Every structure is written in C-alpha cells, then in structure tokens.
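Novice: One structure, pasted below without further comment.
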Amino acid sequence: MLVVSLIIALFFLVMFIWATRSGQFDDDYTPSVRMLFEDEHKQKENHGNPEI
Amino acid sequence: MERICFHCGDNLGKKPLQFDDKYFCCIGCKGVYLLLKENHLTDFYSYESNPGLKPLTSSQDKYAFLDLPEIRQRFIRFEDDRIAKVSLSLPNIHCSSCIFLLENAHKANSKIIHSQVNFTKKLASITFLTKEMQLSELALFFDRIGYPPNFQQKKETLETNKSFILKLGLAGFAFGSIMLWSFPEYTRNGAEDNSFRYFTSWLAFLVSLPVLLYSASEYYISAYKSLRAKHLNLDIPITLGILALYAQSVYSIIHYEGPGYMDSFAGFIFFLLIGKWFQNRTYQSLSFDRDYTSYFPLAVRKIKENTEEIIPIETIEIDDLLKIRNQEVIPCDSILMDDKAEIDYSFVTGESVGVSVVKNSMLYAGGKLLNASITVEVKEITDRSYLTQLWNEQLDKKKTSTYQRYQDRVAAYFLWAVLIICVISMLCYLIIAPALIMKVVVSVLIVACPCALALSTPFAFGNAMRKMGQLGLYLKNSDVVEKLAEIDVIVLDKTGTLTDTRLTEVKQVRTIEKSSDLSIFISMVESSTHPISSAIYAHLTSNHENKKTVHFDSFDERVGNGLIATINSDVFKLGSASFTNQNMGVKGVFFTKNDVLITFFIVQSTFREGLSSLLNQIKLNHEIYVLSGDNNKELSALIDLGFNEQNIFFNQTPQSKLDFIEFLQNKGKRVMMVGDGLNDAPALAQANVGIAISEDMFKFTPSSDAILDAHQLKNIPNFIGISKFAKVVLRVCLAFSITYNIVGILFAVTAKLTPLVAAILMPMSSITIVGLSTFLIYFRYLRLKN
Chain A
1 MLVVSLIIAL FFLVMFIWAT RSGQFDDDYT PSVRMLFEDE HKQKENHGNP
51 EI
Chain B
1 MERICFHCGD NLGKKPLQFD DKYFCCIGCK GVYLLLKENH LTDFYSYESN
51 PGLKPLTSSQ DKYAFLDLPE IRQRFIRFED DRIAKVSLSL PNIHCSSCIF
101 LLENAHKANS KIIHSQVNFT KKLASITFLT KEMQLSELAL FFDRIGYPPN
151 FQQKKETLET NKSFILKLGL AGFAFGSIML WSFPEYTRNG AEDNSFRYFT
201 SWLAFLVSLP VLLYSASEYY ISAYKSLRAK HLNLDIPITL GILALYAQSV
251 YSIIHYEGPG YMDSFAGFIF FLLIGKWFQN RTYQSLSFDR DYTSYFPLAV
301 RKIKENTEEI IPIETIEIDD LLKIRNQEVI PCDSILMDDK AEIDYSFVTG
351 ESVGVSVVKN SMLYAGGKLL NASITVEVKE ITDRSYLTQL WNEQLDKKKT
401 STYQRYQDRV AAYFLWAVLI ICVISMLCYL IIAPALIMKV VVSVLIVACP
451 CALALSTPFA FGNAMRKMGQ LGLYLKNSDV VEKLAEIDVI VLDKTGTLTD
501 TRLTEVKQVR TIEKSSDLSI FISMVESSTH PISSAIYAHL TSNHENKKTV
551 HFDSFDERVG NGLIATINSD VFKLGSASFT NQNMGVKGVF FTKNDVLITF
601 FIVQSTFREG LSSLLNQIKL NHEIYVLSGD NNKELSALID LGFNEQNIFF
651 NQTPQSKLDF IEFLQNKGKR VMMVGDGLND APALAQANVG IAISEDMFKF
701 TPSSDAILDA HQLKNIPNFI GISKFAKVVL RVCLAFSITY NIVGILFAVT
751 AKLTPLVAAI LMPMSSITIV GLSTFLIYFR YLRLKN
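Listed in order, the protein sequences are those of chains A and B. When the first sequence is numbered by my numbering, its final residue is 52 and no position is left out of the sequence of numbers. When the second sequence is numbered by my numbering, its final residue is 786 and no position is left out of the sequence of numbers.
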C-alpha cells in the first residue's frame, strides 16, 4: 500500500522536473489569459447550430 | 457628448473618421480595425474596452537597418530553409486583447506562422517564412498595428531561473511527503509495530538528501562567501540550523528512533525558498541597467557618392558623411554641413530649449535633431565622443556596495545570543545532568533556526515593493526599500524631471490690437523651425482662427537672435531683448514693429502638477536641492513653487552633479536623486537611491535603482512613507520571530524538544510572519490605490 503511494508520488515528482525543464513554468501569467480566448472552430459551430 | 475612438479610446479630433457605425480618431486606428475585421479578429474588442493603440505614422524604411546581416543575426534565434524564429520586445503589450491579437497575427498576415506572447516580459516569439518576409517587413507589420518593436534593449537573460523552480518544487515535495510519513510520530502512544517507522525513516532520509545537497545549496555558498569576506549575514545561522537539523535527524534514523526532525528540515528549506522566490519577483519587463549605448540607434545612414546606405553604428569612421533625419539621435560628434539646424540636447545636458546651430559648428553625440534633415561629417566615433567619454569615466566608478542589510545586522546579535545560550546551558547541565548536554545543545541549535527571521525581510519589503509598483514606482530590488526609508536629502533635476518637456507654456503679456499685425506675426513664426517659434505659433493660432498667410518682401532667421521680416517699409522683428532693442529687464521673446513694442511672450517649460504640495510635505523632514543643466531663466518660477533659492543650482554638467552628491555624502547625508536624462546618469549611480523618472515606461532610462512614472512624482512622500512603514513592519515581524524562538528555546533548554514541537513551531511562525506583513502593508495603504 505504502509502496504504491510512493510510486505515485515519485511519478509526480518526475513529471514536475520534466515539465520545468521543458519550459512549462517560464511564463506563469499568459496561459491564464490564453485559455479564455474562444476557438474559431467552436464559434463557427455555434453559429451553425440552431437554438433548440 | 464626448465620443472616443472605437479602437484606441482617445478623444475624437475635429474630423473623426467613420466606418461601420463606429468612429475612429485617425486613419491608423481605422486601418487596424479594417485589418481585424477582414480577418475575423474583431474579438479583439471584446476582451477589453478600446484596447487598441494608435499606430505611429512610421516611414517605410524605419526598420531598414534590420536587414543588414550583422544586425539581423543578433535577433534571429533560429533559422532554416523555410522558417525563422525571432523574439521581439513589444513594450506596448498591456492587456489581454493584446495577447489575443498578437497570438492570432498569423490570421492577419499569411507570412507569419506562429506567435506566442510572454506577457510578463512583454515579448513575442514569432515564427515566420524567411524566404517571403524580411525582418524589417515583420517589424513594420507590428509597428502598423500599434506594437512597434524595441530593438535597443541589451540582450536580457530571457532564460527564467529554471533551477530555482526545481529547488523549490523538490523542497515542497520533500516537505509534504516527509510530514505525511511523520504523522504517526506526533500521535505515538507506545505502538509496538516499528517496521513502518523504520521504512518511513529511511524514505525520509532518501528524499531529504537531494534537498540538503541541491535545494539548500545557495545558502551554504552565501554563508561561505560571507565568512570569507569577514562579514556576518543571515545565511550563516541558517546554515547552522540546517546542518543541526539534518545531523540530529540522521542520528535518529541510524539509531532506529524514527525520522527525527526531517519534516522540519524539509519545511525549513521550503519556507526559506518561498521567501526568496517572493523577494526575487521583480519587474522583468523593465530594465534598470541600461547604459548609454541603448540610447543610440543601432544603425545610421551613410552618404557615399550620392547614395545612402545603412550601416551599423559601430562601423562609423571619422570623415564619414551621415544623413540624420527629424527626431533622430546624432550618433557621434560631427560637424554640420548644412546652413543651420535645431538640436534638442535636453536629455543629454539638461538644456530645456532647442539650440540653433549654423554651418560648420560641432554637433555632439546624443542630441536629437528637430525638424529638417541634415548632413554631417563625423569627427569622432560614438565611443570617443565628448559626452560618451564623460559617462564612461564616471560610470566606471563602481559603487562599492558596503551596504549591510538590517537583517544581517540582526544576524550578528542572533548568533551571539545562540552561542551564549548554548554555553550557559552546557555549564548548567554539566552540574545537573551531564548525559543530557548533547541533546540540549543540539536542541538549542535546531530550534534557534532563523526561519521566521529570514522570512521577515522578504515579505515585509516584498509587499512594500508591490504596493509601490501599483502606485507607479518600480524598484530594482527589495534593498531599495530599506535605503529609501533612510534618506535625508532629495536632489531633483529640473529639465524633464520637474518639467514636462513635451509641453511649453507661452504667456502673452499684451494683446495684439491690429489683426493685420497678428497675421504677420503668425506667418513669421510659421516659417521658422525653432522650437520657441512653434510654441508661439501654437499659442497664437489656438486663440485666433484666421490663417491668411502673409507674403513678405524679405524674411530672415538670425540664429541666436530672432526673426526679421519686412513688408513695404515696415520692419517686423521677433526675438531676444537685445535683438529687438528693448530694455525691459525681463527675459522674453519680443515682437516689435519698426522698433515699437507690440507684445512680448514669456516661454516656459510647464512644471508637473502637484509640485507645491509635494514640497510642503517633504520640506519638513528632508533637505531639497535642484540641479539643472539649464540656465537660470526659470529661477523665479522655481521659487514660486516653494524651492529655497540657495538650494537651486544652474548650468550643472554631469560631472558637477556627481560631485555635488558626493559632497553631500561626505557630510554624512544619505541622498536620493531623481533625474531623467543621460546628464543625470553619473549622479543617479552615485546617489544612495537613484530614481529615473519616465513618461513612457519603456523608453530609455539611465541606470537606476528605481523607475518612477512621471505622473507620480507628487507621490514621493507616500513612497517614502511606505518604505518607513515597511521598516516598522519588519521590526514587528522580527519581534514575533524572536518570541517564537524564545518559546522554542524554552523547550530546548529543558530537554523537552521533540519533533512534534518543532513541526508545529516552524510553520506557525512562518505563516504568522507572512500573514502579518501582508496584512499590515496592504491595509495601511488600502486607500492609496490608484
């Protein structure tokens, strides 16, 4: 039981190190704004579907 | 109804443009709107109101220098056959709409493939098709939509400190995990199954090893360097605490007594790193260390056999002929080849009014050309020009940083206190119970860890820095907060600092009775390129609408004197008192007709608002001086504002400003200097706190400790107040941390310290400090929010 939780914990640590080294945390503000932009595809879809 | 431009929000001028039921202030804004509309990017307007920026009307070849291979290479980060990647600094990025537009640039320009914005650093990484678009075209594209790229910045380290994030994450992981595994230790009530305990102890040991060796490494290095320099800083007791915690815990683990203090160890390092992280979050998009080379252009126009070619500034040679255009900076000392020119030296020498020069006179590097283009012959390259040499000499004087932070002074007392307690308890236990000596001494070293002490400074000053940033003063680092609180003398530059160089005030002392005379005078100033003439022209035409251009029989502009025009037999003169033969004893610009005075003007720079109240507030506790590179024509205006006549000095050179500050410092004063131009750079470097004032946060500012938004000059008393309050907060935090230390030491000397006690004390003290400092600073200054 303990070993399993340990493996999971280590997995997250490794993921954290990998993410940092590949630049995930270089910019911690812009992604928060970026995710609020609407995708163009979704927009077109919405315009296409009639209101039910 | 006041209407504003749909794109940029500026007031609509007299002739607004209309399109699609929307109004625009200028063709630039309308153009950007059209571009966005065509490419289905009108969501741009939905994220913020009037988010656009008015594009400048830049000339086609503004960025031509970027196509020179030597210069292009500096900015291209990657290139292959098809694409190239460039990282552009776009200082105008200011809101979410900007991010939207810039990241969708590929929709508006098919030659751009991808763009990604880093908002905090105001950078955009652009991938574009190399074969189809020149770098200059790319730059021009962004310029035209309102985001002119800035190429003057020194190559800042764009790499974030990844290793710091790793250290922090590792320490956090260790802290959380080890504390979780140590939980049974806190609630032990004699349980017999020890296998779990042994397992988690060794786990804790394994996990804490990288924390010891990697996460905390900065502290050992700093402590070692400090010892070598024979100074005491707070990192020494921190290192002691770390080692004591670790050693005791390893001892426990080896002797199968449980994980010892590993949880507090990891927690200690984690909290320390958080403090460091908070302290180091500076303003990444501002530059506090620009030297004069950032002020000069990257490339200039050289004239060779009747053609112009663009060359990098470093390749200029003596006797080259250069072409300099309106608003461009003169790159090196040279001789004027044209008949006359107007040069603005305000940034360089502090003279507030443009200087008229004639053919064959010397133009100095750093001056800005006003009006018509000129040709010059180079006499001295940029690095060896008169003024740049001056800056080089003075800036070479490295300001030796013997400044000792308050927290380091406290560290000395702290160390002594800990040592004394150790010795006393050793002696006591020698008598009472010798077996417990080791335990007690180690306990004291463990619990006297200055975690809360070490967090007080970053959080007290870090919060103060943030507050000041919100109000318009951006500090280079948190040391400046301390220095700001200690100053007793304030030295102000005049031109550009106290005055707003973009505006000139014209006071007309008499009205002109005859409208025919008025038309003549308006036509005279219209024909002159001198800045004073432009100011008078603006003043006269704002009140009177008639614009009949009068034709003169003769018209002449006498450099240094004034204008003279004749119609029929009447002689009209506009100029200085001596030129117009007036003896009024006042400095001004006189209009005469046939030597009879019609009217005269007093032309002044406009002083920033709020100066009188600023002076009233700071006069109480500080000495104030004004040093100006200008002549003394505005002495009376300064006195009216409230400055003391004996504390105002004119005609100051960069060297004399520096000398004055040194003179004050030798008298034991701590000096704050506020300046804007290159003529202030040496003084700013010498002062205890050097503040560069700026209209536009991203234009060049000389090297400084802080950058102040020009509109906030009147808030200087508030900034000093925040700094002083931050020092008070620091002392309060220190008092709290000492209280925690005392409680801990009581446990330690009575040999009652257990991992549970340590695990409670440490986080509690840290949270108290963080919460207290934030709470105090933000609530005290809540009303000041701008």
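Yeah, the Cβ is synthetic: ideal placement off N, Cα and C, and Gly gets one too. Remember, it's a predicted structure, so these values are computed and weren't measured experimentally.
From arginine 82(B) to serine 96(B), what distance separates their C-alpha atoms?
Specialist: As a working note, residue 82(B) is residue 82 in the second sequence. As a working note, residue 96(B) is residue 96 in the second sequence. Computed Cα separation, rounded: 31 Å.
Novice: Does valine 14(A) come within less than 8 Å of chain B when only Cβ atoms are used?
Specialist: Position 14 of the first sequence, counting from 1, holds the residue named residue 14(A). Chain B, which has no Cβ nearer than 8 Å to the Cβ of valine 14(A), makes this no.
Novice: Any beta carbon of chain A sitting closer than 8 Å to that of valine 86(B)?
Specialist: Counted from its first residue, the second sequence places residue 86(B) at position 86. It does not; no Cβ of chain A falls within 8 Å.
Novice: Beta-carbon of phenylalanine 37(A) versus every beta-carbon of chain B: anything under 8 Å?
Specialist: Numbered from 1 along the first sequence, position 37 holds the residue referred to as residue 37(A). Judged by the 8 Å Cβ criterion, phenylalanine 37(A) is in contact with chain B.
Novice: Once DSSP output is grouped into helix, strand and coil, what is the label at asparagine 583(B)?
Specialist: Mapped onto the second sequence, residue 583(B) falls at position 583. Three-state result, asparagine 583(B): coil.
Novice: Which word fits glycine 668(B), buried or exposed, when buried means at least 16 other C-beta atoms lie within 10 angstroms of its C-beta?
Specialist: One-based indexing of the second sequence puts residue 668(B) at position 668. Counting Cβ neighbours within 10 Å, glycine 668(B) comes out exposed, since fewer than 16 surround it.
Novice: Does the CB of glycine 169(B) have a neighbour CB from chain A at under 8 Å?
Specialist: The residue you call residue 169(B) lines up with position 169 of the second sequence. Output row for glycine 169(B): interface = yes.
Novice: Could you compute how far the alpha carbon of aspartate 705(B) sits from the alpha carbon of proline 69(B)?
Specialist: Sequence index remark: in the second sequence, residue 705(B) carries index 705 (1-based). Sequence index remark: in the second sequence, residue 69(B) carries index 69 (1-based). Approximately 36 Å between the Cα atoms of the pair.
Novice: In chain A, what lies closer than 9 Å to leucine 166(B) by C-beta?
Specialist: As a working mapping, residue 166(B) is identified with position 166 in the second sequence. Going along chain A in sequence order, the residues near leucine 166(B) (Cβ under 9 Å) are Phe16, Ile17, Thr20, Arg21.
Novice: If you pair each beta-carbon of the segment 214 to 232 of chain B with each one of the segment 262 to 280 of chain B, do three or more pairs fall below 8 Å?
Specialist: Yes: at least three Cβ pairs fall under 8 Å.
Novice: Along the chain, where does the alpha helix (DSSP H) that runs through proline 149(B) open and close?
Specialist: Residue numbering aside, residue 149(B) sits at position 149 when the second sequence is read from its first letter. Proline 149(B) -> no alpha helix (DSSP H), and no H or E assigned at all.
Novice: For threonine 566(B), write down the residues that DSSP places opposite it in a beta bridge.
Specialist: Reading the second sequence from its first residue, position 566 is the one you call residue 566(B). Answer is Ser554(B), Val571(B), bridged to threonine 566(B).
Novice: Once DSSP output is grouped into helix, strand and coil, what is the label at alanine 299(B)?
Specialist: Within the second sequence, the letter at position 299 stands for residue 299(B). Strand at alanine 299(B).
Novice: Cysteine 451(B) and glutamate 380(B) - do their beta-carbons sit closer together than 8 Å?
Specialist: As a working note, residue 380(B) is residue 380 in the second sequence. As a working note, residue 451(B) is residue 451 in the second sequence. No, the pair does not count as a contact, with Cβ atoms beyond the cut-off.
Novice: Any C-beta of chain B sitting closer than 8 Å to the C-beta of phenylalanine 11(A)?
Specialist: The residue labelled residue 11(A) in the question sits at position 11 within the first sequence. Cβ-Cβ to chain B under 8 Å: no for phenylalanine 11(A).
Novice: In the structure shown, what three-state DSSP assignment does leucine 730(B) receive?
Specialist: Within the second sequence, numbered from 1, the residue matching residue 730(B) stands at position 730. Helix, per DSSP.
Novice: From glycine 472(B) to arginine 290(B), what does the alpha carbon distance come to, in whole angstroms?
Specialist: By 1-based counting over the second sequence, the position of residue 472(B) is 472. By 1-based counting over the second sequence, the position of residue 290(B) is 290. Cα-Cα distance, rounded: 20 Å.
Novice: Could you check what DSSP says for alanine 706(B) in three-state terms: helix, strand or coil?
Specialist: Residue 706(B) sits at position 706 when you count from the first residue of the second sequence. It is a strand residue.
Novice: Kindly list, in the order they appear in chain A, the residues whose Cβ is closer than 9 Å to that of lysine 162(B).
Specialist: Taking the first residue of the second sequence as position 1, residue 162(B) is located at position 162. Going along chain A in sequence order, the residues near lysine 162(B) (Cβ under 9 Å) are Thr20, Arg21, Gly23, Phe25, Asp26.
Novice: Identify whether glutamate 701(B) lies in helix, strand or coil by the three-state DSSP scheme.
Specialist: The residue given as residue 701(B) occupies position 701 in the second sequence. Residue 701(B) is actually threonine in this sequence, not glutamate. Coil at threonine 701(B), not helix or strand.
Novice: Name, in chain order, the residues that DSSP records as bridge partners for threonine 375(B).
Specialist: Residue mapping note: residue 375(B) aligns to position 375 of the second sequence, counting from 1. Note: threonine 375(B) sits in a beta bridge opposite Lys323(B).
Novice: On the CB-based measure, 16 or more other CB atoms within 10 Å of its CB, does arginine 21(A) come out buried or exposed?
Specialist: Taking the first sequence and counting its residues from 1, the one referred to as residue 21(A) is at position 21. Under this definition arginine 21(A) is an exposed residue.
Novice: In the DSSP assignment, the alpha helix (DSSP H) including methionine 764(B) goes from what residue to what residue?
Specialist: Taking the first residue of the second sequence as 1, we reach residue 764(B) at position 764. From DSSP, the alpha helix (DSSP H) with methionine 764(B) extends over 755 to 780.
Novice: Is there at least one Cβ from chain B nearer than 8 Å to valine 4(A)'s Cβ?
Specialist: The residue given as residue 4(A) occupies position 4 in the first sequence. Not one chain B Cβ lies under 8 Å of valine 4(A).
Novice: Could you check the C-alpha separation between aspartate 67(B) and leucine 135(B) for me, to the nearest Å?
Specialist: For the purposes of this step, residue 67(B) is identified with residue 67 of the second sequence, where counting begins at 1. For the purposes of this step, residue 135(B) is identified with residue 135 of the second sequence, where counting begins at 1. Their backbone Cα atoms lie some 6 Å apart in a straight line.
Novice: Helix, strand or coil: how does DSSP classify alanine 84(B) here?
Specialist: Residue mapping note: residue 84(B) aligns to position 84 of the second sequence, counting from 1. Here alanine 84(B) sits in strand by DSSP.
Novice: For the ligand MG, is there any heavy atom lying closer than 7 Å to the beta carbon of asparagine 360(B)?
Specialist: Among the components of this structure there are no ligands whatsoever, and the ligand MG is therefore not found.
Novice: State the Cα-Cα distance for the pair serine 346(B) and glycine 496(B), rounded to the nearest angstrom.
Specialist: As a first step, residue 346(B) must be located in the second sequence, where it is residue number 346. As a first step, residue 496(B) must be located in the second sequence, where it is residue number 496. Computed Cα separation, rounded: 8 Å.
Novice: With serine 115(B) and alanine 105(B) assumed to form a contact (beta carbons below 8 Å), what rounded beta-carbon distance in angstroms separates them?
Specialist: Here residue 115(B) corresponds to residue number 115 of the second sequence, with the count starting at 1. Here residue 105(B) corresponds to residue number 105 of the second sequence, with the count starting at 1. Sure, about 5 Å apart at Cβ, within 8 Å.
Novice: How would you write the range of the beta strand (DSSP E) that phenylalanine 44(B) sits in, first residue to last?
Specialist: Position 44 of the second sequence, counting from 1, holds the residue named residue 44(B). Careful: phenylalanine 44(B) lies outside any beta strand (DSSP E), inside the alpha helix (DSSP H) at 44 to 47.
Novice: Can you confirm whether aspartate 263(B), when its beta carbon is compared against all beta carbons of chain A, has any partner nearer than 8 Å?
Specialist: By 1-based counting over the second sequence, the position of residue 263(B) is 263. Chain A contact via Cβ: absent.
Novice: What are the residues in the segment 42 to 62 of chain B lying within 8 Å of chain A by C-beta distance?
Specialist: Residues Asp43, Tyr47.
Novice: Hey, out of Leu498(B), Ile567(B), Ala229(B), Thr549(B), whose CA is closest to glutamine 404(B)'s CA?
Specialist: Your numbering for residue 404(B) matches position 404 in the second sequence. Comparing Cα positions, the closest option is Ala229(B).
Novice: Along the chain, where does the alpha helix (DSSP H) containing glycine 469(B) start, and where does it finish?
Specialist: To locate residue 469(B), count along the second sequence from 1; it is residue 469. From DSSP, the alpha helix (DSSP H) with glycine 469(B) extends over 451 to 471.
Novice: Which value, in whole angstroms, describes the spacing of the CA atoms of glutamine 152(B) and threonine 382(B)?
Specialist: Reading the second sequence from its first residue, position 152 is the one you call residue 152(B). Reading the second sequence from its first residue, position 382 is the one you call residue 382(B). Whole-angstrom Cα-Cα distance: 16 Å.
Novice: Pick out whichever of Leu36(A), Asp26(A), Val4(A), Val33(A) has its Cα sitting closest to the Cα of lysine 787(B).
Specialist: Outside the shown range of chain B (1 to 786) lies residue 787(B), about which nothing can therefore be said.
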